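According to UniProt numbering, the sequence shown is numbered sequentially starting from 1. Backbone N, C-alpha and C fix where the C-beta goes; we use that ideal spot for every residue, glycine too. Just so it is clear, the structure is predicted and the values come from calculations on it, not from any experiment. Structure first, then comments.
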Amino acid sequence: MQRIEDSPTIIVDSGDQSSKADTRAADCSGSLQRFFCPHKGIQQGGSARFLSEQTLLLRKRLRLAAIFLAIAFTAFLVRALILGDHPHFRLTHDLNVWMSFVGVTISLWIVAGVLWSPLHLPRFGLFGSEFLVFGLPGLFFAYEQASMVCECDLTMADDYASAFPGQTVLPWIILIQIYAAFVPSGTRRAIGVISVMAVAPLVAALITSSRVDQEVLRTVLYERGAFSAMAITMVIVAAVSLYCTYRMGKFRREAFDAASIGSFTLGRRLGAGGMGEVYLAEHQLLKRPCAVKLIRHEFAQEKRARDRFESEVRAAAGLTHPNTIEIYDYGVTDDGTFYYAMEFLPGMSLQDLVAEFGPLPPGRVAYLLAQVCDALNEAHSKGLVHRDMKPGNIFAAERGGNYDVAKLLDFGLVKQTRPQPGDIEHTAEGVVIGSPLYGAPESLTNESNGPTADIYSLGATAYYALTGRPVFDERNALKAVSAHLNTIPEPMSHFADVPDDLSAVVMRALAKNPKSRFASAAEMAEAIRSCECFGSWGPLEAAQWWSTLKRQPASDSASHDTDAIDETREQTAPIYSMV
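Here it is as structure tokens:
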């Protein structure tokens, strides 16, 4: 059974869900225009960029197809020269067929050379090249087969008539497969091109059989069923090729959409939560690494989800404390995908640190939590309550060569304690928001949820970091809520060697009555810094610890994968737990 602290933040909703929007908010109208289109004027539309990339890909694929076909035609031309005296190949000495054969081969090499050259070709020029690469071989196939039948003598008529169906469809099958494999084509254009190539050998067979004076060919085609076999074969080949073209086109579009958000190019996924995903990204112009947070389409259509996402961006962007994660940019894409870009944090969350290395030294916990208190103090002074304090939302990062720089993450559940005129409360009645393992009693019962609720959650986080276990180690969310409401936490000394003064700070933060806790995050920070263990961990000790982790062989512990001993551990799933 999965532990609930490893799960995304939980919402228990006893009320009705808000209705989904009828259309996506891709037009950035109303309030979304104010908050989600800050740089609309300098962002190129996703569709335009996709078309540009498709044009570049078309040229690359066409030159490969041209080279492939040019080599194939050259090989068959050499073969015809070598076998030219054989009776079955004497017809290739027909001057018109030879001229066509050589002409198509040379044309393919010329087109391949143009496509490989630095010469700029507009999109319609590429379409012309596409016609030459696939149209010229097709015309030659039709002409060569007709010439073969028309010119053969009666002694060989039966042989050619029997071989005609297979020799007619085989080159076209190869040509269709090359087109489907190489050319990035839209569905409608692919249907047009592949349909023409599929019908061409059938039309060629009909015309040839009607124009030549050889009854044996008509007998093979119609009485022996060769024509129907040709038709069925070409339908199957065309259908399979069209499906492959459609699937590859869809994959290319999905890959493009996943890899390009606003002004950012996405890389690998760093983590995921209940409502969105986080990707490593790079600004297309500045080449600056960052993390981009997306909200999934199915949630983006819900007004409540969009409002909460907008609230998160505004809240986080307005905070400037160095221990709060920095927001670089935010917006909405052409297809309605909401995103924002934030600083990329090398390091590990408290959740991961404890999970991999066990309880942390008291001095290190005090060092990190004091920084978090400072960040919280700024948020509280601006009337903002985090409401989702937990180990996964506190990050021990490396910034500017300094290690264990605490970063407060994920303001997705932020609440304004001093609402501005016109602001709307987005939390529905009957909804319990936050992580049950770390939530304050009053927040879990949907009562008054002020700054002291964050202090309680920070105390629960400290309890976990010092002991390696939650305050109430319950696997069931409802039992965890009940314990926070009614049960006194066990002393931390039962599980770890924690100094009395630091233990007193944590237990005060965990008081059931909000009035018994620290009155502010600043007061809690002062209490932490007054603990005897506070000075035992600092930048030097942090640098030494991370340096040791870098040098540690991967085989030393089963829990250390290659990422764990990389230059620094990067952001992972718990960082951006989303409702």
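Answer with buried or exposed for residue i, where buried requires no fewer than 16 other C-beta atoms within 10 angstroms of its C-beta.
i	result
V505	buried
M234	buried
L56	exposed
R517	buried
H386	buried
G422	Annotation note: pLDDT 34 at G422 (below 50); position unreliable, no value reported.
S311	buried
M99	exposed
R364	buried
L485	exposed
A525	buried
N513	exposed
F251	exposed
S241	buried
Y243	exposed
T417	For T417, the predicted structure reports a pLDDT of 46, less than 50, and the residue's modelled location is therefore unreliable. A value from the coordinates is still provided. By the 10 Å Cβ count, T417 comes out exposed.
N476	exposed
P489	buried
Determine the closest residue to residue i out of the options, with distance taken between C-alpha atoms.
i	options	result
F140	V332, T168, F124 and I455	T168
A543	S381, Q145, V405 and R387	V405
D329	L294, Q351, L83 and D307	L294
C373	M230, I106 and A521	A521
L384	R268, V313 and K60	V313
F264	V292, M492, F73 and R188	V292
L62	F182, R79 and V78	F182
E343	A281, I106 and A315	A281
A496	P361, V193 and L319	P361
E130	I194, Q145 and P118	I194
residue 580	K60, L132, R79 and L83	It is not possible to answer for residue 580, since the shown part of the chain is limited to 1 through 579.
G401	S530, W546 and D307	W546
S493	A483, R469, T487 and L478	R469
Name the DSSP bridge partner or partners of residue i?
i	result
K407	F395
N402	R399
A341	V292 and D329
M348	A396
T461	In the DSSP output, where bridge partners are listed per residue, T461 has none listed.
E277	A272 and L294
L266	A281
T324	L408
Are the beta-carbon atoms of residue i and residue j separated by less than 8 Å?
i	j	result
Y456	L510	yes
G249	P184	yes
L206	A231	no
N449	Q371	no
G347	E277	no
V481	P436	yes
L376	L408	yes
L466	P391	no
I178	F101	no
P491	Y403	no
Y340	M389	no
W109	A72	no
T461	L549	no
L319	E356	no
I176	A75	no
P441	H380	no
Residue i by DSSP, collapsed to three states: which one?
i	result
E378	helix
A291	strand
Y330	strand
T168	helix
M234	helix
H426	Annotation note: pLDDT 41 at H426 (below 50); position unreliable, coordinate value reported separately. Coil.
E282	strand
V498	coil
A112	helix
D307	helix
F251	helix
E490	coil
N96	helix
E474	coil
E532	coil
P359	coil
L444	helix
G128	helix
G468	coil
H484	helix
V183	coil
I106	helix
P436	coil
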